[in-house]
Amino acid sequence: MKYIFGPVLSRRLGLSLGVDLLPPSKVCSMDCIYCECGKTQRQNLTLERREWVPTEEVKRELEEILSNPDLELDFVTFSGNGEPTLHTRFGEIAKFVKEIRPDLKVALLTNASTLWMDEVLKDLQYIDLVSPSLDAVTEKVFKKVNHPTKGLTVEKILEGLKKLKETFGGEIWIETLFVKGINDTPEEVEKIGEWIHRLKPDRWQINTVVRPPAYNVRGLTE
283 MKYIFGPVLS RRLGLSLGVD LLPPSKVCSM DCIYCECGKT QRQNLTLERR EWVPTEEVKR
343 ELEEILSNPD LELDFVTFSG NGEPTLHTRF GEIAKFVKEI RPDLKVALLT NASTLWMDEV
403 LKDLQYIDLV SPSLDAVTEK VFKKVNHPTK GLTVEKILEG LKKLKETFGG EIWIETLFVK
463 GINDTPEEVE KIGEWIHRLK PDRWQINTVV RPPAYNVRGL TE
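Under the working numbering, the residues of the sequence shown are numbered 283 to 504, in order.
Structure follows, in structure tokens:
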């Protein structure tokens, strides 16, 4: 399989079948210092939405796997090698999953960079669970921890999260990943907490660096 991986046992989602809608070179709107997928090369650091991998090939792989009625899963999860919502047809693919296996839940792991876009919010109608990242709420710290592409600001992230809360009918699990000496100051932690209180997600998951990161950074316990 080229675009489907697993099932893998996820600490957050249980038994999850992964869907990767991006090329192996990694395409993302951020170059997060803690990313387990490695650094985002400058030419692949973008907010451009397009069909990064062939939709029909992804569908064929999904149909091959999901047509097995004995396959037990907790989630089919859009994640992988970058930001899944940069693929313009990810909503269509999520709908396809629901058509094949309406009993399965579909999750989206996102860095929240596109949630301010109406076309992305529309595609979320086929998603049961959205897990967006929120690692900072001030511009200075946001740039330090997430290394966003040009034009992407923390204001856009917060705008998108507010829109998500207003329009999305499924569950929202916000994840914050703390990096030692970067976004763990009392001031930033307090401000993040204030935003979480305003947004009122179904869950707030707090993590730190555990897997090998893209940059030489450390978790809170090191």
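C-beta: ideal position from N, C-alpha, C; glycine also.
Secondary structure of Ile409 (DSSP, three-state): coil. Within the segment 379 to 452, the runs of alpha helix (DSSP H) at least 4 residues long that lie entirely inside it are, in chain order, 400 to 405, 421 to 428 and 436 to 449. In the DSSP assignment, Trp334 falls outside any beta strand (DSSP E) and carries neither an H nor an E.
Arg485: member of the beta strand (DSSP E) spanning Arg485 to Thr490, first to last residue. For Val471, no beta strand (DSSP E) run applies; the uninterrupted alpha helix (DSSP H) run containing it begins and ends at Pro468 to Leu481, by DSSP.
Residue Gly463 holds the alpha-carbon nearest to the alpha-carbon of Arg500 among Gly463, Asp302 and Asp400. The continuous stretches of beta strand (DSSP E) do not include Leu304, and DSSP gives it neither H nor E.
Under the 10 Å beta carbon count, Arg480 is surrounded by fewer than 16 other beta carbons and is classified as exposed.
Residue environment for Asn350: exposed (fewer than 16 other C-beta atoms within 10 angstroms of its C-beta). By the criterion of a C-beta distance shorter than 6 Å, Asn363 is surrounded in its chain by Asp302, Leu304, Lys308 and Cys319, once the five residues flanking it on both sides are discounted. Apart from sequence neighbours up to five positions away, the residues of its chain that approach Val388 with a beta-carbon distance below 8 Å are Phe357, Val358, Thr359, Phe360, Ala376, Val379, Lys380, Tyr408, Ile409, Asp410 and Leu411, ordered along the chain. Residue pairing for Ile456: DSSP places it in a beta bridge opposite Trp486. A distance below 9 Å separates the beta carbons of Thr449 and Leu403. The Cβ neighbour count for Glu338, taken over all protein chains shown within 10 Å, is under 16; the residue is labelled exposed.
Pairing Ile456 with Ile439 gives a Cβ-Cβ distance that is not under 9 Å. Counting only the Cα atoms, Glu333 lies some 22 Å from Ser413. The beta carbons of Thr420 and Leu327 sit no closer together than 9 Å. Look at Leu344 here: in three-state DSSP terms it is helix. Across the set Leu446, Val461 and Phe287, the C-alpha of Leu446 shows the shortest separation from the C-alpha of Ile454. Around Arg493, the same chain offers Glu318 as residues with beta carbons nearer than 6 Å, after the five sequence neighbours per side are excluded. Glu476 and Tyr497 have their C-alpha atoms roughly 28 Å apart.
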